[in-house]
Ligand SMILES: NC(=O)c1ccc[n+]([C@@H]2O[C@H](COP(=O)([O-])OP(=O)(O)OC[C@H]3O[C@@H](n4cnc5c(N)ncnc54)[C@H](O)[C@@H]3O)[C@@H](O)[C@H]2O)c1
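Residue numbers (the numbering used here): 568 to 1007.
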């Protein structure tokens, strides 16, 4: 495939966030704190990770942000939508992720970010509601209103480019059906207020129609169906999803590839969580939980390949539980019990107790996705961006391809894509060239 020509990264990049809750405000606050020299962007590959180029002996290890032309943090401006009318400062206080000592110095900056009226329908997110909503006679009009917001934001904030990252609540479980098959069917369904069209799909549609890359940080169906996948390609716009890979699933996709690499078996993997933030409350609704459960269950199956290794993983019992427990706020606790077995079938156990801060893990993902989606757009890479699977619990893939869940393969894929984009040799880690020169 031909290497892309990458347009320059200068100018303002607007980051539009449907859903201005814990993740979105932690992300915005972190970027501003970094810009003011008050914090470091820990967890962000674009800001901190180096990339090796050439041979190990070449000693070329630039930072990713110095290797590929990414927008700088000082070029970013933020906007978003939320049915709850709180500005980003109030919303961050309510989320309870960041402490006052971090929020107070940037209070004016956050206070100036007001959510635009949202396209919101409590049928799709049962546990919350708010007054900051758009009204229209059908879903197509709502999507057009979002398009007008996007254009207005671009104009008023002087943005050269935009990206949109869904940070809204998890919507109820929906399967792709006939209304998601073609653009024509999708647009007709919007006009007819068909229940199969959820609000997040209207944001995705509006973004694509306005030439704005779209990534979905939640597990619900949003841009991962044929009508919008085709629209993305037709409009030359990147899309990606879904469900930010944080917390328990991050740990799962670190541990499972290791066990599989050593050919150790698994009888069972039980995962349970307690969390008390607004996300936890939404997930307390069985229909939203089902969406999350599907996303969390998929990763292990794909990593372990039980069809290829039935004697190791064929009988594995996998269970995931999420329990809403308000006292914990955003500081979730996730327990994992792994019943593994080794040589001659002897059983062993691994217990993991992860005292994690979900939004602290999610915020750098939002930043990297925004910068990489913008890079993809400037490189003419449209449609599904599989190389960004690293960031997602349920990576979106082209038809007929199974998703890659192994964090380490995802990481290599991401870096090799950057090398390929910049015309550098791909790194295979073969390494034989360092030793046996006569054979080569
Ligand atoms: N925190 C994590 O680590 C993490 C990891 C993976 C996925 N996610 C997903 O990211 C999303 C955000 O998580 P959070 O912790 O910030 O949740 P949150 O509840 O704090 O924030 C979500 C916000 O979205 C708003 N919202 C809901 N529907 C909307 C709509 N149609 N338009 C605009 N706004 C809407 C809500 O009012 C709320 O303010 C959730 O779907 C969550 O499942 C989070």
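The beta carbon of each residue, even a glycine, is placed where N, CA and C say it ideally should be.
**Asked** What residue does the beta strand (DSSP E) around residue 947 start on, and which one ends it?
**Response** Unbroken run through residue 947: none, as it is neither H nor E.
**Message:** Within the continuous alpha helix (DSSP H) that includes residue 644, where are the two ends?
**Reply:** Taken as a continuous stretch (DSSP letters only), residue 644 belongs to no alpha helix (DSSP H), being part of the beta strand (DSSP E) at 643 to 648.
**Item:** Per DSSP, cross-strand counterpart(s) of residue 884
**Value:** Note: residue 884 sits in a beta bridge opposite 835.
**Request:** State the Cα-Cα distance for the pair residue 579 and residue 732, rounded to the nearest angstrom.
**Result:** 17 Å
**Message:** Are the CB atoms of residue 809 and residue 862 within a distance shorter than 9 Å?
**Reply:** yes
**Prompt:** Using DSSP with H/G/I as helix, E/B as strand and the rest coil, what is residue 900?
**Reply:** In this structure, residue 900 counts as strand in the three-state DSSP scheme.
**Asked** For residue 731, is the beta carbon positioned less than 8 Å from some heavy atom of ligand 1?
**Response** no
**Prompt:** If you draw a straight line from the C-alpha of residue 692 to the C-alpha of residue 646, how long is it?
**Reply:** 22 Å
**Asked** Where are the alpha helix (DSSP H) runs, 4 residues long or more, that stay fully inside the region 699 to 728, in chain order?
**Response** Whole alpha helix (DSSP H) segments, 4+ residues: 706 to 723.
**Message:** Would the region 758 to 778 count as touching the region 790 to 808 if we require 3 or more Cβ pairs under 8 Å?
**Reply:** yes
**Prompt:** residue 892 CB to nearest chain B CB: under 9 Å?
**Reply:** Protein chain content of the structure displayed is limited to a single chain, and chain B is not contained in it.
**Span of the alpha helix (DSSP H) around residue 983** = Its alpha helix (DSSP H) spans residues 974 to 988.
**Message:** One question on the structure: do residue 935 and residue 576 come within less than 9 Å of each other, judged by their Cβ atoms?
**Reply:** no
**Request:** Since I believe residue 874 is in contact with residue 815 (beta carbons under 8 Å), could you give me their beta-carbon distance rounded to a whole number of angstroms?
**Result:** With a Cβ gap of about 24 Å, residue 815 and residue 874 do not count as contacting.
**Asked** Just the Cα atoms here: how many angstroms apart are residue 768 and residue 794?
**Response** Each residue's alpha carbon lies about 11 Å from the other.
**Item:** Three CB pairs or more closer than 8 Å across the region 651 to 670 and the region 707 to 723
**Value:** Pairwise C-beta distances place the region 651 to 670 out of contact with the region 707 to 723, as fewer than three of them are shorter than 8 Å.
**Request:** Decide yes or no for the touch test of the region 974 to 989 against the region 949 to 957: beta carbon pairs closer than 8 Å, at least 3 of them.
**Result:** yes
**Asked** Quick one: what's got a C-beta closer than 8 Å to residue 652's C-beta in the same chain, skipping five residues either side?
**Response** 681, 682, 697, 698 and 699
**Message:** For residue 609 and residue 616, what's the separation of their Cα atoms in angstroms?
**Reply:** 10 Å
**Message:** If distances are taken between C-alpha atoms only, which option among 590, 596, 643 and 601 comes closest to residue 937?
**Reply:** 643
**Prompt:** Are the beta-carbon atoms of residue 587 and residue 633 separated by less than 9 Å?
**Reply:** no
**Prompt:** Going by alpha carbons, who is nearest to residue 801 out of 840, 949 and 859?
**Reply:** 949
**Request:** For residue 1012, collect the residues of the same chain with a Cβ closer than 6 Å to its Cβ; drop the 5 residues on either side in sequence, then sort them by chain order.
**Result:** Because residue 1012 is not part of the residues shown, which for the chain are 568 to 1007, the question remains open.
**Request:** Could you tell me whether the region 968 to 975 touches the region 597 to 607, where touching means 3 or more Cβ pairs closer than 8 Å?
**Result:** These segments do not touch.
**Request:** Have a look at 898, 900, 865 and 893 and flag the residue whose alpha-carbon is nearest the alpha-carbon of residue 884.
**Result:** 865
**Request:** Determine the direct distance from the alpha carbon of residue 744 to that of residue 940, and round the result to whole angstroms.
**Result:** 27 Å
**Request:** Specify the secondary structure class of residue 657 as computed by DSSP and reduced to three states.
**Result:** Note: residue 657 maps to helix in three-state DSSP.
**Item:** Start-to-end residues for the alpha helix (DSSP H) that takes in residue 815
**Value:** 814 to 828
**Asked** Opposite residue 617 in the DSSP bridges: which residues?
**Response** 630
**Message:** Taking the straight line between their C-alpha atoms, what separation do you get for residue 811 and residue 850?
**Reply:** Residue 811 and residue 850 have their C-alpha atoms some 15 Å from each other.
**Between the CA atoms of residue 817 and residue 917 - distance to the nearest angstrom** = 16 Å
**Prompt:** At what residues does the beta strand (DSSP E) containing residue 915 begin and finish?
**Reply:** Counting along the chain, residue 915 sits inside the beta strand (DSSP E) bounded by residues 914 to 924.
**Message:** Out of 694, 592 and 988, which one is the CA nearest neighbour of residue 891?
**Reply:** The residue from 694, 592 and 988 with its alpha-carbon nearest to that of residue 891 is 694.
**Message:** DSSP three-state label for residue 757, please.
**Reply:** Here residue 757 sits in helix by DSSP.
**Through-space distance from residue 739 to residue 654, alpha-carbon basis** = 26 Å
**Asked** Closer than 8 Å: is that where the CB of residue 902 sits relative to any heavy atom of ligand 1?
**Response** no
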